[in-house]
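Asker: Residue numbers (the working numbering): 32 to 126. All C-beta atoms in this analysis are idealised placements derived from N, C-alpha and C, irrespective of residue type, glycine included. Dropping the structure in here first, questions after.
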């Protein structure tokens, strides 16, 4: 969208207006529509939190370790990215 315009001020104005409309559309798309439709996910009966009857014990044994594993994987990947950025900065300073 921004590549269409040559003037930087016009690019910024169009982007700002687009962001306002996108944010306004975000509220119904994220919070309202998922609660109106039927789903097979736990908590779909109007309560978005996990209740005692939403997840049985065999699913809990898999779900919670998976959440921990994905969180640790995300931290590890973030750490790698941060370390690569520091190495890149050191290489740029050396040149």
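In the DSSP assignment, the alpha helix (DSSP H) including residue 40 goes from what residue to what residue?
Answerer: 39-58
Asker: Any idea what DSSP makes of residue 124, helix, strand or coil?
Answerer: Correct three-state label for residue 124: helix.
Asker: Look up residue 86 in the DSSP assignment and say whether it is helix, strand or coil.
Answerer: coil
Asker: Please state the DSSP three-state secondary structure of residue 102.
Answerer: helix
Asker: Would you say residue 94 and residue 103 are within 9 Å of each other, going by their C-beta atoms?
Answerer: no
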